[in-house]
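Below: one structure, written as structure tokens.
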Amino acid sequence: MPHSSVWHILRKCLRMKGYRLQLLHALNPRDHNHFHFSMDFQQWLEEDGFAEKLVFSDEAVSCVCWGMENPHAMVEHIRDSPKVNVFCAISSCKVYGPFFFVEPTVTSINYLDKLQLWLMSQLHEDSKDFIFQKERSPSHFHFDVCAHLNAKPPGCWIGRTSDNDSPLLPCPPW
Numbered sequence: 814m815p816h817s818s819v820w821h822i823l824r825k826c827l828r829m830k831g832y833r834l835q836l837l838h839a840l841n842p843r844d845h846n847h848f849h850f851s852m853d854f855q856q857w858l859e860e861d862g863f864a865e866k867l868v869f870s871d872e873a874v875s876c877v878c879w880g881m882e883n884p885h886a887m888v889e890h891i892r893d894s895p896k897v898n899v900f901c902a903i904s905s906c907k908v909y910g911p912f913f914f915v916e917p918t919v920t921s922i923n924y925l926d927k928l929q930l931w932l933m934s935q936l937h938e939d940s941k942d943f944i945f946q947k948e949r950s951p952s953h954f955h956f957d958v959c960a961h962l963n964a965k966p967p968g969c970w971i972g973r974t975s976d977n978d979s980p981l982l983p984c985p986p987w
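At position 128 of the sequence shown the residue is numbered 941 (our numbering), and the sequence of numbers has no breaks.
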């Protein structure tokens, strides 16, 4: 059935609206470490120049739920489901992206390709003194990804298993 027909039936005939679902990661007992990290991070932000060095990154997936009223629905994230993966990074002066992954799942191989061929050259061109933050996805911490980042200038990234974890993350949140 054509997309336009589905849209017409949902919007015009059934008078439904599309609502975005809020995706939440399930909580686990180790999450109290995130609180301690957040408190330390707030102190680091008060140091001169620390915030200007940070480059945050994340990936996102878009979901829409159709209904007569907003269900205020939340679903736990299901890994490796078919989706469009979009990556962005943001610093104090620039947004890097969006970068759309062609593959349905972000793997260590395509994540490393994105770093090598797209992101890191931009970061080095914009600043010689940056701190790249990665999220906790397992594909981001594959041996080859960490080896590539560790070959860069020391202290250019934070996240589990980085050489920079000791001074920046005395109590790593993971």
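C-beta: ideal position from N, C-alpha, C; glycine also. Computed from a predicted structure; not experimentally measured.
Cβ-Cβ separation, residue j to residue i (assumed contact under 8 Å), whole Å
i	j	result
C928	V958	Here the sequence assigns Leu to residue 928, which means Cys is not the residue at that position. At roughly 7 Å, the Cβ-Cβ gap stays under 8 Å, so L928 and V958 are in contact.
K947	H955	Not really, about 11 Å apart at Cβ, beyond 8 Å.
S950	V915	Between V915 and S950 the Cβ distance is about 17 Å, and since that is not below 8 Å, they are no contact.
P911	V897	At roughly 10 Å, the Cβ-Cβ gap does not stay under 8 Å, so P911 and V897 are not in contact.
Counted within 10 angstroms of its Cβ, other Cβ atoms place residue i as buried (16 or more) or exposed
i	result
F913	exposed
V908	exposed
A839	exposed
C826	exposed
A864	exposed
W820	exposed
I922	exposed
Beta bridge counterpart(s) of residue i as assigned by DSSP
i	result
F945	V868, W970
E889	L837
Quiz item: So does the stretch 826–836 actually touch the stretch 854–871, counting three or more Cβ pairs closer than 8 Å?
Solution: No: fewer than three Cβ pairs fall under 8 Å.
Exercise. Please go through the stretch 894–934 and give each complete beta strand (DSSP E) segment of 3 or more residues, from N-terminal end onward.
Key: For the stretch 894–934, whole beta strand (DSSP E) runs of length 3 or above, ordered along the chain, are 898–904, 908–914.
Exercise. Give, in chain order, every unbroken run of the beta strand (DSSP E) that is at least 3 residues long and sits entirely within the stretch 820–874.
Key: Listed in chain order, the beta strand (DSSP E) elements of length 3 or more contained wholly in the stretch 820–874 are 830–833, 835–837, 867–873.
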